[in-house]
Amino acid sequence: QLLANQILLHALKEKGTINEIKAEKSYGAPVIADMPEELLNSAGVYGATNQLITVNIANSGELSIATPQVPNYPAEKYTYSADGSFLSADGNVKINIVKENNGRTYMWTRQYLSLPGLGQLAISEYAAEKLEPNDVSEEVLNAWKERDGKRYYVINEKYTSVALLSLGSIQVQLFKEAPGYVIDQRITGLNTAVADHQIPTTGSRDVTPLDFYEQDGVEYLRYGGSLLVSEDALKPIYTGRHSSTTIQASGYAKWYSIPDRAAGKTITVSSSSKGSYAVYDENGACVGLGVVKSDKATVLPKNGTIMFAGESGAKFEITLK
């Protein structure tokens, strides 16, 4: 679309329909002014779907934004301007803190985004909502601390699902900046958490509550239409040359951890039934996914995992070299 816009603009100029292509826009440099003291109360923790943002506001009029999920990423800095907004140094980003009629506080972001050779995009959105404090009991907090950092693995996706490329597992993450929350989701009990922010457009889209339960000593997570199993239930894959695994009557996928002795080895899988297998690295990124074929080989990463999915009763013959 951006390329088409540029082609159209140049064609209109050549035909004389327009005299010039307008220069790119900017909000300009901030007009230094004293910041109202009440804006200091807007500092705090903000959230959107699967996002956590810390907003700090100094008496000097500097607003800084950091992302606890990416601690090594430098904080973004903005300066208070006379029009009541905070501006970036290059003048391309403008931020306002807005308290709406619904009583909720939002971070309103406007931005001119330049793409060399393709023109400029103008973006205006409520990027995040301020999260209210959420006090939970020590019993509840300890239950969630036990899950902190653990991964839960999808077991009910069909073996042909492309979702396995992006959602093989989910990691529970607690941050000291947001006590009582799991990223943007408010902890509501020993086993439940839900996001209750209401951000217009896409900021609150695809909100999915967390609902944990235990069965036969194994913890599971209901996440929308997905069912996931705790990493505690994973067994290491057999490190010998030949082994096999079979999908049970439930049809749930089978997951294995990759021990040090198997890391670096090449795995090939064959089956007489329909199925697939996927290999993930230690960060949960898919490094190999495909329908089972005897000539398809994948190198097993250190501290990774491997999943087998297929029809009930499907048996997979595994070879490690």
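Every position in the sequence shown, counted from 1, becomes a number in the numbering used here once 364 is added.
Glycine is no exception: its CB is placed at the ideal position from the N, C-alpha and C atoms.
Where does the unbroken beta strand (DSSP E) through V593 begin, and where does it stop? S590 to S594
Contact check, T556 vs D570, beta carbons under 8 Å: No, these two residues do not count as a Cβ contact at 8 Å.
Boundaries of the beta strand (DSSP E) in which Q549 is found, first to last residue: Q549 -> beta strand (DSSP E) spans Q549 to I551.
What is the C-beta distance between V457 and T473, in whole angstroms, given that I count them as a contact (C-beta under 8 Å)? 7 Å
So what's R586 in DSSP terms, helix, strand or just coil? R586 falls in the strand class under three-state DSSP.
Under DSSP, the beta strand (DSSP E) around N420 begins and ends at which residues? Q415 to I421
For A613, I'd like the list of residues in its chain whose CB is within less than 8 Å of its CB, leaving aside the five on either flank, ordered along the chain. Excluding residues within five positions, the ones whose Cβ falls inside 8 Å are S676 and G677.
Rounded C-beta distance between E541 and V409? I'm assuming under 8 Å. 6 Å
Go ahead and label D512 buried or exposed: buried means 16 or more other beta carbons lie within 10 angstroms of its beta carbon, across all protein chains shown. exposed
If you run the structure through DSSP and keep just helix, strand and coil, what is K379? helix
Whole-angstrom distance between I421 and T669, CA atom to CA atom: 43 Å
Pick helix, strand or coil for L528, following the three-state DSSP scheme. helix
I'd like the list of long-range same chain contacts for E464, defined as Cβ closer than 8 Å, with 5 residues on each side in sequence excluded. Y470
In whole angstroms, what is the alpha-carbon distance linking G448 and Y577? 48 Å
Continuous alpha helix (DSSP H) stretch holding V504: start and end: E502 to R511
Alpha-carbon spacing of Q549 relative to P543, whole angstroms: 11 Å
Helix or strand or just coil, what does DSSP make of Q562? coil
Which of helix, strand or coil does DSSP assign to Q370? helix
Would you identify the three-state DSSP class for N460, choosing helix, strand or coil? strand
Mind checking G589: buried by the 16 CB within 10 Å criterion, or exposed? Burial call: exposed.
Candidates A375, G652, Y644 and K379: which alpha carbon is nearest R515's? Y644
Where E440 sits in the DSSP three-state scheme: strand
Buried or exposed: where does H561 fall if 16 or more other Cβ atoms within 10 Å of its Cβ makes it buried? The C-beta of H561 has 16 or more other C-beta atoms within 10 Å across all chains shown, which makes the residue buried.
If we count the other Cβ atoms within 10 Å of its Cβ and call it buried at 16 or more, is T356 buried or exposed? Residue 356 lies beyond the range of the chain shown here (365 to 685); nothing can be said about it.
Could you tell me which of P623, G380 and L591 sits nearest to I534, measuring between CA atoms? L591
Of the listed residues R605, D580 and E583, nearest to R625 (C-alpha basis): R605
Measuring CA to CA, which of E646, N647 and A661 is closest to L653? Measuring from the Cα of L653, the nearest candidate turns out to be A661.
Cβ separation of Q484 and E388, assumed to be a contact under 8 Å, to the nearest whole Å: 5 Å
For G639, which residues of its own chain have a beta-carbon under 8 Å away from its beta-carbon, when the five flanking residues on both sides are left out? Y523, I611, V655, V656, F672, A673, G674, E675, A678 and F680
Return the CA-CA distance between L684 and A597, expressed in angstroms with no decimal places. 22 Å
If I measure Cβ to Cβ from R468 and keep anything under 8 Å in the same chain, skipping five residues before and after, which residues do I get? E493, K494, H561 and Q562
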